[in-house]
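Undergrad: For the sequence shown, my numbering gives the first residue as 19, with consecutive numbering after it. Backbone N, C-alpha and C define an ideal beta-carbon position, used for all residues, glycine too. Let me give you the structure first, and then I'll get to my questions.
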Amino acid sequence: MNLKEIREMIGSIIDYDPQVDSYKSEVNRIVNQVIDDFYGMHPWQWSQSEIDLYTVPDIDLGTVAFTALSTTLQNFIPNTANLLTYRHEGSVLTLTDCADARDNGEYVIDKCDFDSITNKTFVSKLSKVGNRIAGWHATSNAAKAKALQRYLPLPADCNEPISAGCRNTVEAGSDGFIHFYQLNKRADEEMNNRLDIVGQPAEWIPYAHYPEKVLTVADFPAFISDLTITEIAAGIGTPWPQGTYEFKFCHVWRGQEGPLSEAQEFTIAGVASNLRFATRNTTEGGQFGIRKKIYFRLKAVGGYSDAHFRDLGGTILPDDNTGVILGDLGTRNIPFIIIEDDNTSFDYPNTTAGLLPTLSYLKSLPRAPFNDGHNWMIRLNPHPSGSTFEIPAQVGPPGRSKTTGLIGYPVRLRYNKRFYPLENDVDTPQMPPDVHRYIVYASCVELFQKHKEEQQALFYTKKMNDELTGARRRWLTTRAGPYVKGTYSGGPMRGDFFQKLIYKP
Numbered sequence: 019m020n021l022k023e024i025r026e027m028i029g030s031i032i033d034y035d036p037q038v039d040s041y042k043s044e045v046n047r048i049v050n051q052v053i054d055d056f057y058g059m060h061p062w063q064w065s066q067s068e069i070d071l072y073t074v075p076d077i078d079l080g081t082v083a084f085t086a087l088s089t090t091l092q093n094f095i096p097n098t099a100n101l102l103t104y105r106h107e108g109s110v111l112t113l114t115d116c117a118d119a120r121d122n123g124e125y126v127i128d129k130c131d132f133d134s135i136t137n138k139t140f141v142s143k144l145s146k147v148g149n150r151i152a153g154w155h156a157t158s159n160a161a162k163a164k165a166l167q168r169y170l171p172l173p174a175d176c177n178e179p180i181s182a183g184c185r186n187t188v189e190a191g192s193d194g195f196i197h198f199y200q201l202n203k204r205a206d207e208e209m210n211n212r213l214d215i216v217g218q219p220a221e222w223i224p225y226a227h228y229p230e231k232v233l234t235v236a237d238f239p240a241f242i243s244d245l246t247i248t249e250i251a252a253g254i255g256t257p258w259p260q261g262t263y264e265f266k267f268c269h270v271w272r273g274q275e276g277p278l279s280e281a282q283e284f285t286i287a288g289v290a291s292n293l294r295f296a297t298r299n300t301t302e303g304g305q306f307g308i309r310k311k312i313y314f315r316l317k318a319v320g321g322y323s324d325a326h327f328r329d330l331g332g333t334i335l336p337d338d339n340t341g342v343i344l345g346d347l348g349t350r351n352i353p354f355i356i357i358e359d360d361n362t363s364f365d366y367p368n369t370t371a372g373l374l375p376t377l378s379y380l381k382s383l384p385r386a387p388f389n390d391g392h393n394w395m396i397r398l399n400p401h402p403s404g405s406t407f408e409i410p411a412q413v414g415p416p417g418r419s420k421t422t423g424l425i426g427y428p429v430r431l432r433y434n435k436r437f438y439p440l441e442n443d444v445d446t447p448q449m450p451p452d453v454h455r456y457i458v459y460a461s462c463v464e465l466f467q468k469h470k471e472e473q474q475a476l477f478y479t480k481k482m483n484d485e486l487t488g489a490r491r492r493w494l495t496t497r498a499g500p501y502v503k504g505t506y507s508g509g510p511m512r513g514d515f516f517q518k519l520i521y522k523p
C-alpha cells in the first residue's frame, strides 16, 4: 500500500476521513512515526543493508612547526607537503615532541583548509569541552604529527550496526579476509585494549558519538533565520525556473551532517534570476570547519509540486574537475554544494556544466535523506593503518586518497537501515506488503487514544500485536531446514524453547 491507501484504510477503520490538509498532515506524521519505530524495533531481514566502508589511510606528517597564539582560540598547524585530504576531517591528529608538553596529545581534525592563503589544518583537543585550550602554549619548530582515522563513521541511514568484517579479497588480499567480533565498551575497557596498536583488525566497538563528549555537529543546531535567500540577476548563466520553493539547510562538520533546519519558503518572481544564499560565519565561536549544506523542494514550480526535499546541486563532480568553485573550497573534489564555514554570501553556480538549474535537472536530483543528526561510528581493534594496500589513484569509493594512491582497509558493514519517510501520496513503505497492516493498526491505536476511544484502542492494540508476532516469525531469522522437524517442547531436561532462536539477527 502507498501512503494514500494506508491513510484511506485508517479512515475506513476509525470512520473519520475528512479531506482536510491539516488532518492529512497529522495522519501522515503518525504513520511515519510508527514506521520509523517499526524499522528500529528489530534487525528485520528486509531492513538490513550491507556496504563496504573504506578506512582513511594514516598519514605521517613528519615534523611540523606552529606558532603560539595566546590571544586567539585558533589551534592549527600548517599543511605540509604531504597534505591531509579532506576525508581526514574528523580523524585524530597526534602531536609529540612539542616545545611545551601541554601541547602534546590527541586532537580532532576540525578543518583541512587548502586555501592558497591560509593553508592550515585546524584542530580541537580530543577531550571534554572544558579542557579545550585557547591557542598553543608555546611555539614549536620540531613537533611530530600523525593523522589517523580512529573512529570510522557509518552511513547516515544506519539505525544500528549489526556486524563488521572484511570480505573484499580483491583489495585486502586473502590475508585480510576475516570476520570482526563485536566488543561492547565495558569489555573493551576491561581488556584495556591499546589505541595505538596497528595491525589486522579482529574486533569492533560501537560508538554513538565521540568519546569524552567531544563537540559534534549536533551541538550546533541549524536555525532557518541563519539562511537568507535573495533573488539576483542570472547574468549569462541559466536562470532558476519561476515558482515557489522551500529551502532547508544543515551544518556539516568533520564529515557528518547535523539535523535539518525548519523550512523557508521563497518565490522566484523574475524570468532571468539566480539565487544568492547568505549564511552565518560559523568560525566566530572559535570552531572551524562547520560548513553549510542546503536542501530544497519544488512547492509550485512550472505546474510541478513535490513533497520531497532534495540535495541542492546533487551532481557528484568528476575527480579531475577544475572549473567549479564551491563556496571557498576551490577546485577540490567535493560532492554536492557545501558553503565554507566563514563564507557569508554564496551565489549558486548557474554557469557550471552539470549544475545548471533547469526544472528537469532540479527534478532529477536525489531526495534528502532522513537526518536527525545522530551518526554511528565504530572503532576497529587493532587499528588498520591502510598503508599496506596500495593501488593506482583513481576515482573510487570514499577513503581513496588521490595524492598517495593508497586505499584504506575495506570493511564490510551490515546494519539495520533507516528508510525515507513517506511524503507524497504515491510513496510506499520499503518493507514487505504483509507487514503493512501493522502500520495501519498501530496508527489507528494512536488516533483512537488521541480521541479517547479506549475500548477501540485496546481492540486494535491486540490486532497490532498479532501482526507484530507474525512479522517476527517471518522476518527475523529463517530457520535452517534440517532443524525444522516438528513441534519442540521445553522443560528441565530439554533446555529452552527452540522458538527463541527466531529473535536472533
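Just the C-alpha distance for residue 301 and residue 478, rounded to the nearest angstrom, thanks.
TA: Computed Cα separation, rounded: 53 Å.
Undergrad: Between 42, 57, 43, 33, which lies nearest to residue 456 when the distance is taken from Cα to Cα?
TA: 57
Undergrad: Which whole-angstrom value describes the C-beta separation of residue 245 and residue 297, a residue pair presumed to lie in contact below a C-beta threshold of 8 Å?
TA: About 6 Å separates the two Cβ atoms, so the contact holds.
Undergrad: From 243, 62, 131, pick the residue whose C-alpha is nearest to that of residue 94; which is it?
TA: 131
Undergrad: According to DSSP, residue 271 sits in a beta bridge with which residue or residues?
TA: 274
Undergrad: Residue 309 and residue 264 - do their beta-carbons sit closer together than 7 Å?
TA: For residue 264 and residue 309, no; Cβs fall outside 7 Å.
Undergrad: Quick one: which unbroken beta strand (DSSP E) runs of 3-plus residues sit fully inside the stretch 170–235? Chain order, please.
TA: 176–184, 196–200, 221–225
Undergrad: With DSSP as the reference, label residue 463 as helix, strand or coil.
TA: helix
Undergrad: If we require 4 or more residues per run, which alpha helix (DSSP H) segments fall completely within the stretch 31–116?
TA: 39–59
Undergrad: For residue 25, which residues of its own chain have a beta-carbon under 6 Å away from its beta-carbon, when the five flanking residues on both sides are left out?
TA: 45
Undergrad: Would residue 149 be called buried (16 or more neighbouring beta carbons within 10 Å of its own) or exposed?
TA: The predicted model places residue 149 with a pLDDT of 49, which falls under 50 and marks its position as unreliable, so this point remains unresolved.
Undergrad: Measuring CB atoms only, is the stretch 34–48 touching the stretch 358–374, in the sense that at least three cross pairs come out at less than 8 Å?
TA: no
Undergrad: So, with DSSP's three-state summary, where would you put residue 289?
TA: Annotated three-state conformation of residue 289 is coil, per DSSP.
Undergrad: Spatial neighbours of residue 325 within its chain, please: CB distance less than 6 Å, with the 5 preceding and 5 following residues excluded, ordered by chain position.
TA: 441, 442
Undergrad: Nearest by alpha-carbon distance to residue 452: which of 389, 171, 390, 64 is it?
TA: Per the Cα distances, 64.
Undergrad: Name the DSSP bridge partner or partners of residue 429?
TA: 71
Undergrad: Rounded to a whole number of angstroms, what is the C-alpha to C-alpha distance between residue 96 and residue 306?
TA: CA-CA distance, residue 96 to residue 306, rounds to 15 Å.
Undergrad: Counting C-beta neighbours from all protein chains within 10 Å, is the total for residue 283 16 or more, i.e. buried, or is it exposed?
TA: Exposed: under 16 other Cβ atoms inside 10 Å.
Undergrad: Identify the residues that DSSP records as bridge partners of residue 386: which are they?
TA: Per DSSP, none; premise fails for residue 386.
Undergrad: Using the rule of at least 16 other Cβ atoms within 10 Å of the residue's Cβ for burial, across every protein chain shown, is residue 179 buried or exposed?
TA: buried
Undergrad: Should the stretch 189–204 be regarded as contacting the stretch 216–228, the criterion being three or more beta carbon pairs within less than 8 Å?
TA: Below 8 Å, enough C-beta pairs join the stretch 189–204 and the stretch 216–228 to call them touching: three or more.
Undergrad: What is the rounded straight-line gap between the Cα of residue 281 and the Cα of residue 438?
TA: One C-alpha to the other measures close to 18 Å.
Undergrad: Pick out whichever of 260, 304, 431, 237 has its Cα sitting closest to the Cα of residue 71.
TA: 431
Undergrad: Put residue 125 into one of helix, strand or coil per three-state DSSP.
TA: strand
Undergrad: Could you give the DSSP three-state label for residue 306: helix, strand or coil?
TA: Coil at residue 306, not helix or strand.
Undergrad: For residue 175 and residue 274, I'd like the C-alpha separation in whole angstroms.
TA: 12 Å
Undergrad: Rounded to a whole number of angstroms, what is the C-alpha to C-alpha distance between residue 137 and residue 216?
TA: 30 Å
Undergrad: In the structure shown, what three-state DSSP assignment does residue 478 receive?
TA: helix
Undergrad: Thinking just about the alpha-carbon of each residue, which of 30, 392, 481 is nearest to the one in residue 238?
TA: 392
Undergrad: Going by the DSSP bridge assignment, what does residue 282 pair with across the sheet?
TA: 265
Undergrad: Tell me, which residues are paired with residue 399 by DSSP?
TA: 221
Undergrad: State yes or no: is the C-beta of residue 165 within less than 7 Å of the C-beta of residue 77?
TA: yes
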